[in-house]
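In the working numbering, the protein residues as written are 21 to 148.
By construction, the Cβ of each residue, glycine as well, lies at the ideal position given by its N, Cα and C atoms.
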Ligand SMILES: [Zn+2]
């Protein structure tokens, strides 16, 4: 099965990636600097983005290495982060943006930069 990619598909995906980038900025600004630093040391074990809902689900190794936490993000829309969760105590008990969320969000946005560039090239090549 193949599906024709339309200009609208490309534009929609670009918009979704821009939203993720904005959401990441907001999350980062909410977090304390030391939490951001710690997030950079964590290992994101897996990350799956649902192609139908755009929801992101990832697993992150705990800083001590023994546990794996599950982070989920609903796709952000109109500059708003609609839903996110982590099953660590920091988020569960204190409701803060935890280092696991920051790690997932940062990794995702960094990885999707290449996809974004590809979409821009696609537009130039085929839809200009
Ligand atoms: Zn957490």
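Give the DSSP bridge partners of residue i, in chain order.
i           : result
residue 104 : 93
residue 66  : 79
residue 150 : This structure cannot speak to residue 150, because the chain is shown only from 21 to 148.
Could you name the residues of the same chain whose beta carbon sits closer than 8 Å to that of residue i, not counting the 5 residues immediately before and after it, in chain order?
i          : result
residue 61 : 83
residue 88 : 65, 79, 80, 81 and 82
Could you name the residues of the same chain whose beta carbon sits closer than 6 Å to that of residue i, not counting the 5 residues immediately before and after it, in chain order?
i          : result
residue 99 : 42
residue 92 : 77 and 105
What does the alpha-carbon distance come out to for the pair residue i and residue j?
i           : j           : result
residue 39  : residue 52  : 22 Å
residue 114 : residue 142 : 44 Å
residue 138 : residue 132 : 10 Å
residue 147 : residue 72  : 24 Å
Which whole-angstrom value describes the C-beta separation of residue i and residue j, a residue pair presumed to lie in contact below a C-beta threshold of 8 Å?
i           : j          : result
residue 123 : residue 75 : About 18 Å; that fails the 8 Å criterion.
residue 36  : residue 95 : 6 Å
residue 48  : residue 56 : 6 Å
Starting from residue i and walking both ways along the alpha helix (DSSP H), at which residues does that stretch end?
i           : result
residue 148 : Taken as a continuous stretch (DSSP letters only), residue 148 belongs to no alpha helix (DSSP H), as it is neither H nor E.
In chain order, what residues of the same chain have a beta carbon less than 7 Å from the beta carbon of residue i, not counting five sequence neighbours either side?
i          : result
residue 69 : 76
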